[in-house]
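Structure first, commentary second.
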Amino acid sequence: MARVYAIASAKGGVGKTTTTANLGTVLAMAGHEVVVIDGDLGMPNLAGALGVDPDGATLHDVLNDDVDIKSAIYEGPAGLDVVPGSNALEAFARTDAKGLEAAVDQLDDYDVVIVDTGAGLSNDTFVPLKFADDVVLVTTTEREALGDTEKTRQLAERIGASIVGAVLTRVDESNPNAEVVASILDAGVVAVVPEDPAIRDALDSQVPVVLRTPDSISAAGYRALAEALTGEP
Ligand code: ADP
Ligand code: MG
5 MARVYAIASA
15 KGGVGKTTTT
25 ANLGTVLAMA
35 GHEVVVIDGD
45 LGMPNLAGAL
55 GVDPDGATLH
65 DVLNDDVDIK
75 SAIYEGPAGL
85 DVVPGSNALE
95 AFARTDAKGL
105 EAAVDQLDDY
115 DVVIVDTGAG
125 LSNDTFVPLK
135 FADDVVLVTT
145 TEREALGDTE
155 KTRQLAERIG
165 ASIVGAVLTR
175 VDESNPNAEV
185 VASILDAGVV
195 AVVPEDPAIR
205 DALDSQVPVV
215 LRTPDSISAA
225 GYRALAEALT
235 GEP
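Per the working numbering: the sequence shown ends with 237, consecutive numbering throughout.
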């Protein structure tokens with residue numbers, strides 16, 4: 005039985021895709037069978053973060069044309085498998101996320117399935133919240149991002165999702181303290197990923213930071229996240 009995580013926040017640009025790529029890579033490096041899925045149907049950029057260049061079927065083909073999700077799996081770093089999305093505007097225009105649960109059900113041979121999601125509270129972000137075993141919220145500590153992420157948390161709670169807690173990203177000394185975070189976001193903090201220039205460098209090189217710069221502070225944050233989720237050191 006695969007454990008299915010949804011990586012979520014209504015706010016864009018807070019680190020959901022970076023978190024999906026690095027969490028998946030850490031777990032794959034630890035020997036787990038892991039697949040990451042680009043559930044951001046409008047702005048899919050997970051494949052790019054992992055150096056995967058899809059030359060065949062994508063998740064959009066799976067959802068639009070009943071293509072088997074297993075034929076949309078590409079090899080990423082460290083043995084991580086990746087289901088990318090299509091960047092074609094017309095693919096997005098005719099895509100409905102409702103087939104995603106049935107597609108993910110086909111991936112039961114894996115130990116872990118991680119679904120990256122888009123911003124907003126639209127159907128394609130809502131669907132993975134519903135079928136995931138665990139929802140991992142991702143947010144920066146800006147008030148606006150915390151507020152938007154709290155909305156995602158409330159939506160997840162309303163539909164009975166299990167919320168693991170929040171990953172705080174891009175944290176530096178000028179960020180608000182834990183009390184401010186807790187006053188806006190009603191979720192525990194599972195890991196903190198500091199603001200780190202190594203993340204930009206990793207994105208530019210299309211290699212996740214946990215592989216590109218394993219001794220960086222952000223890589224340490226992502227290893228701590230993996231440990232918090234699995235209970236394994
Ligand atoms: P989302 O998927 O939530 O839209 P991304 O993972 O694409 O967010 O990240 C948005 C931007 O934030 C990226 O361009 C990345 O460079 C930057 N970023 C994310 N995490 C960090 C970090 N810990 N330190 C510095 N920059 C970061
Ligand atoms: Mg993203």
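Quick reminder that beta carbons are idealized off the backbone N, C-alpha and C, glycines included.
| query | Is residue 98 helix, strand or coil by DSSP? | reply | Position 94 of the sequence shown, counted from the start, is the residue given in the question as residue 98. Assignment of residue 98 by DSSP, reduced to helix, strand and coil, places it in the coil class.
| In this structure, does DSSP put residue 56 in helix, strand or coil? | As a first step, residue 56 is located in the sequence shown; it is residue number 52 there, counting from the start. Here residue 56 sits in coil by DSSP.
| field | Buried/exposed call for residue 216, threshold 16 Cβ in 10 Å | value | Numbered from 1 along the sequence shown, position 212 holds the residue referred to as residue 216. The residue in question, residue 216, is buried, as its Cβ has 16 or more Cβ neighbours within 10 Å.
| Where residue 78 and residue 183 are concerned, what is the direct C-alpha to C-alpha distance, given to the nearest angstrom? | Residue 78 sits at position 74 when you count from the first residue of the sequence shown. Residue 183 sits at position 179 when you count from the first residue of the sequence shown. Straight through space, the alpha carbons of residue 183 and residue 78 are spaced by roughly 42 Å.
| field | residue 197 vs residue 171 beta-carbon contact at 8 Å | value | For the purposes of this step, residue 197 is taken as residue 193 along the sequence shown, with counting starting at 1. For the purposes of this step, residue 171 is taken as residue 167 along the sequence shown, with counting starting at 1. Taking C-beta atoms as the reference points, residue 197 and residue 171 count as a pair closer than 8 Å.
| Grouping DSSP H, G and I as helix and E and B as strand, with all else coil, what is residue 78? | Reading the sequence shown from its first residue, position 74 is the one you call residue 78. The DSSP-derived three-state label of residue 78 is strand.
| message | Suppose you measure from the CA of residue 89 to the CA of residue 169; what does that come to, to the nearest Å? | response | Here the question's residue 89 lines up with position 85 in the sequence shown. Here the question's residue 169 lines up with position 165 in the sequence shown. Going by the C-alpha atoms only, they are around 26 Å apart.
| Using 8 Å as the threshold, is the region 94-103 in touch with the region 120-132, meaning 3 or more CB pairs across them? | Short answer: they touch.
| request: Could you check how far apart the C-beta atoms of residue 36 and residue 115 are, in whole angstroms? I think they sit under 8 Å. | output: Indexing the sequence shown from 1 puts residue 36 at position 32. Indexing the sequence shown from 1 puts residue 115 at position 111. Yes, residue 36 and residue 115 are in contact; Cβ-Cβ is about 4 Å, under 8 Å.
| task | Output the distance between the C-alpha atoms of residue 80 and residue 192, rounded to the nearest integer angstrom. | result | Numbered from 1 along the sequence shown, position 76 holds the residue referred to as residue 80. Numbered from 1 along the sequence shown, position 188 holds the residue referred to as residue 192. Going from the Cα of residue 80 to the Cα of residue 192 covers about 31 Å.
| request: Report buried or exposed for residue 33, applying the criterion of at least 16 other Cβ atoms within 10 angstroms of its Cβ. | output: Counting from one through the sequence shown, the residue named residue 33 turns up at place 29. Burial call: buried.
| Does the distance from the CB of residue 25 to the CB of residue 212 come in under 8 Å? | Taking the sequence shown and counting its residues from 1, one reaches residue 25 at position 21. Taking the sequence shown and counting its residues from 1, one reaches residue 212 at position 208. For residue 25 and residue 212, yes; Cβs fall inside 8 Å.
| request: Give the single residue among 152, 159, 144, 164 whose Cα lies nearest to the Cα of residue 200. | output: Here the question's residue 200 lines up with position 196 in the sequence shown. When each option's Cα is compared against that of residue 200, the closest is 144.
| Contact belief for residue 194 with residue 232 at Cβ below 8 Å, rounded distance in angstroms | The sequence position of residue 194 within the sequence shown is 190, counting from 1. The sequence position of residue 232 within the sequence shown is 228, counting from 1. Contact between residue 194 and residue 232 holds: their C-beta atoms lie close to 5 Å from each other, under 8 Å.
| field | Delimiting residues of the beta strand (DSSP E) encompassing residue 132 | value | Taking the first residue of the sequence shown as position 1, residue 132 is located at position 128. Taken as a continuous stretch (DSSP letters only), residue 132 belongs to no beta strand (DSSP E), being part of the alpha helix (DSSP H) at 127-135.
| query | Span of the alpha helix (DSSP H) holding residue 23? | reply | Counting from one through the sequence shown, the residue named residue 23 turns up at place 19. Element bounds for residue 23: 20-33.
| said: By alpha-carbon positions, which one of 7, 29, 5 ends up nearest to residue 228? | reply: Your numbering for residue 228 matches position 224 in the sequence shown. The residue from 7, 29, 5 with its alpha-carbon nearest to that of residue 228 is 29.
| field | Within 8 Å, strictly: CB atoms of residue 122 and residue 46 | value | The residue given as residue 122 occupies position 118 in the sequence shown. The residue given as residue 46 occupies position 42 in the sequence shown. In this structure, residue 46 lies closer than 8 Å to residue 122 by Cβ.
| field | residue 41 - DSSP class collapsed to helix/strand/coil | value | Translated into positions along the sequence shown, residue 41 becomes position 37. The three-state reading of DSSP puts residue 41 in strand, counting E and B together.
| task | With a threshold of 16 other CB atoms inside 10 Å of the CB of residue 106, please say whether the residue is buried or exposed. | result | Translated into the one-based positions of the sequence shown, residue 106 becomes position 102. Of the other Cβ atoms in all chains shown, fewer than 16 fall within 10 Å of the Cβ of residue 106; this residue is therefore exposed.
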